[in-house]
Amino acid sequence: MLAGLLVLTGLVLVGYLTPVGGSWGRLLAFWPIQIALDVVMLVGSYRVVRLPDIPADTRRFWRSMTMAGVLLTLSDVVQAAQNLRHITPALLNSGNLQLALIAAGIAGPIWTMLTHPIPGLRREKLRFWLDAGATIIAAAVFIWTLLMPDLDSRGGAGLLLYTASSAAMLVAAFGVVKLTLADNPPFNRGAAITGGLGACLVGVCTVVAPPVEESWALHLFMVSRLVPCVLLAACSRFQEIGLRADAAAGGGTRPARRRHSPLPYVAAIAAQFLMIVLLFRSGLPLQLAGGVIGVTVVIGLVIARQLVTFADVDTLVTEVSRQEQRFRALVRHASDVTLVVDRAGSITYASPALHRVLGLPAETVTGTRLADILHPDDATQFDDVVLRSAADPDRGVPWRARARHSDGGWRWLEIISTNRLDDPSVDGIISNARDITLARDLEQQLRHQASHDQLTGLANRLLFTERLDRIARDPVIGSPPGGDAGPDRLVGMLAIDLNDFKPINDTLGHQAGDTVLMIVAHRLSACAGDTATVARLGGDEFAVILHPTSVAETAAMADRVRAAIAEPMHVAGQDLTVGASIGVATGPPNAAEELHEAADAAMYETKRDAKASR
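Here the sequence shown stands for residues 1 to 614, numbered as in the UniProt record's numbering.
Encoded structure:
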């Protein structure tokens with residue numbers, strides 16, 4: 001379509017500006033070409049309206065352009081019908097009916113532009129309308145001053161013609177303002193340039209064109225009417241191409257808009273120079289002329305200084321915006337959660353990673369207390385973190401806590417908190433947290449495997465030794481406030497060795513032997529309870545640490561253990577009875593290791609006595 005319009009423009013220029021052909025042929029071809037261009041604009045605007053997935057406001061504007069195409073086509077058909085009856089140059093001038101249809105067609109896009117929504121906050125909209133008003137008023141001043149016809153000589157029809165042409169130029173001016181200042185113009189750059197230039201040329205040529213009765217100007221007059229119509233016809237095609245390109249690129253082809261437009265300042269400077277021209281034409285005194293020129297220069301310098309400031313601000317804001325976008329992208333895609341908590345313990349900021357870690361949207365926790373999402377046993381840590389971080393604000397304080405997940409469970413978080421309460425831009429404690437639930441579960445599992453017997457689940461020799469060392473280092477463990485261990489705050493030690501366990505392995509197999517060991521471990525745990533430490537030291541050797549206890553309680557525990565182990569057990573289809581040799585020792589906590597040796601020696605002595613009595 002654009003190629004065809006370009007070819008048509010060339011043919012019009014050749015046909016109407018060269019001696020080729022006669023005036024009658026040019027007059028005969030004028031109106032068909034004019035109507036064809038109107039139809040192209042109508043069809044092109046309708047094609048834009050039919051495009052899918054375009055903004056509603058853009059569709060609304062091009063719907064008004066489609067209606068304008070209908071009215072403009074109708075106006076030219078009416079005028080052509082009169083011209084075909086009497087082919088004379090005078091009929092190239094617009095009649096009253098044609099002018100009325102043109103005015104009605106232009107009114108639609110004007111109204112759509114005036115009511116086109118401007119996005120942004122109230123002050124942004126106010127800034128837009130101030131800039132737009134200054135630019136349009138400056139354009140209206142130029143139209144009034146430079147193109148003002150002699151209304152007395154033109155009469156009512158001349159006034160209507162001038163009004164219609166002026167409206168076309170204001171539409172072009174407003175379109176440029178919309179393109180430059182607004183953030184969501186209903187047309188792209190190509191459509192704005194061709195459509196605005198076409199509308200402006202229509203207005204200018206209508207007002208300043210010489211009378212068609214002058215034969216030397218007839219050809220120029222027809223060219224001045226056809227070329228703007230070619231531009232208007234190409235307008236919708238540029239819009240369609242731009243929209244399809246945006247759709248193919250995902251909507252990302254529109255260039256970034258400047259934050260500050262120089263257009264209002266250019267309009268102010270142009271209006272100031274226009275005033276100088278008018279004053280000098282009216283005979284301005286030399287003294288007043290110098291003052292006017294000086295004021296104009298000052299205004300120009302101030303505007304230049306303002307534009308330089310705007311350029312610096314744009315550069316600074318662009319850099320800040322880039323840094324902010326980078327920060328937001330880093331925070332948005334970070335695996336760690338970032339929280340900012342104020343002095344009262346309320347969350348003032350939560351990063352999007354909170355949803356990935358705890359299943360909680362960030363906006364739902366903002367304004368709530370940190371303690372509300374932490375486990376009650378861990379929430380009190382935050383007060384200590386605040387105190388520790390206040391001593392060194394530049395150093396993070398590490399801590400761990402459980403946080404509630406949206407599924408009702410708990411997740412372990414490893415947190416590093418930094419005190420930025422004195423930083424006005426933060427005014428809070430910055431906490432970076434990562435989920436260590438799986439790592440902690442694995443750590444707990446490995447720790448349990450390292451300290452517990454794999455077969456029975458009891459404490460192994462390593463954990464047994466650690467418990468003895470701990471009791472020896474801290475004798476007041478389990479003792480009442482004050483420190484000294486009384487006669488009922490002693491350490492009791494049981495050393496246990498199963499009797500005749502080897503024959504079970506030899507006759508029934510190791511699986512049966514493992515079953516016996518697990519049954520014995522279960523019975524030991526049941527007798528000892530939660531306060532004692534029951535350990536398997538290896539093979540069929542077990543030990544029990546009782547603390548705090550007394551001599552009588554230790555002896556009673558030994559009797560209960562002996563009786564429990566002696567209970568029959570059903571293993572490998574047989575009822576077995578396993579005995580146990582038990583050594584008992586009781587003493588103060590600081591002699592815990594010696595007590596184990598004493599109990600072990602007593603156990604071997606009991607075992608020898610049992611063998612000797614057989």
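Even for Gly, the Cβ is constructed at its ideal location relative to N, Cα and C. No experiment lies behind these values; they were computed from the predicted model shown.
Under three-state DSSP, which class holds residue i?
i, result
"V578", "coil"
"P398", "strand"
"M493", "strand"
"T586", "strand"
"D514", "helix"
"I347", "strand"
"R50", "coil"
"T315", "helix"
"H375", "coil"
"D435", "strand"
"N499", "strand"
"G116", "The sequence shown places His at residue 116, rather than the Gly named in the question. Coil, per DSSP."
"M1", "coil"
"N505", "helix"
"G529", "coil"
Quick one: what's got a C-beta closer than 8 Å to residue i's C-beta in the same chain, skipping five residues either side?
i, result
"L468", "I545, A592, E593 and H596"
"T194", "L231, L232, A234, C235 and F238"
"D53", "A247"
"D422", "P393"
"H355", "P361 and A362"
"A334", "S351 and A353"
"S406", "L358, G359 and L360"
"H570", "L576"
For residue i, which residues of its own chain have a beta-carbon under 7 Å away from its beta-carbon, when the five flanking residues on both sides are left out?
i, result
"D600", "A495 and G583"
"L455", "D514, L517 and M518"
"T66", "L42, S45, Y46 and V49"
"T112", "R60, F61 and S64"
"V39", "T73"
"T577", "A566 and P568"
"C80", "The identity of residue 80 in the sequence shown is Ala, whereas the question assumes Cys. So the list reads W31 and I35, once near-sequence residues are dropped."
Starting from residue i, follow the beta strand (DSSP E) in both directions and report where the run begins and ends.
i, result
"residue 617", "In the structure as shown, the chain starts at 1 and stops at 614, and residue 617 therefore has no counterpart that could be examined."
"L537", "T533 to G538"
Between the C-alpha atoms of residue i and residue j, what's the straight-line distance to the nearest angstrom?
i, j, result
"L498", "T437", "41 Å"
"L537", "A543", "7 Å"
"D384", "A390", "10 Å"
"D435", "H547", "37 Å"
"A532", "L442", "26 Å"
"K125", "H116", "12 Å"
"A439", "S431", "20 Å"
"A564", "A371", "48 Å"
"L274", "F310", "25 Å"
"A56", "Q306", "37 Å"
"V320", "R328", "12 Å"
"A459", "I429", "42 Å"
"F464", "A585", "16 Å"
"W412", "D609", "54 Å"
"H510", "G579", "18 Å"
"A403", "R470", "31 Å"
"L13", "R26", "12 Å"
"I303", "V77", "49 Å"
"M1", "E240", "11 Å"
"L51", "F187", "14 Å"
"T135", "G4", "35 Å"
DSSP beta-bridge partners for residue i?
i, result
"V571", "Q574"
"W412", "R402"
"G428", "R420"
"G190", "None, per the DSSP bridge assignment."
"V340", "Y349 and I430"
"H452", "A459"
Check for me: the alpha helix (DSSP H) holding residue i runs from which residue to which?
i, result
"R467", "R461 to R473"
"A390", "Q381 to A391"
"T368", "Here T368 belongs to no alpha helix (DSSP H), and DSSP marks it neither H nor E."
"A267", "L263 to R281"
Using C-beta distances below 6 Å, list every residue in its chain close to residue i, excluding the 5 sequence neighbours before and after it, in chain order.
i, result
"V365", "I347 and A350"
"D540", "L498 and F501"
"E414", "R400, R434 and I436"
"I416", "G396, P398 and N432"
"S75", "Q98, L101 and I102"
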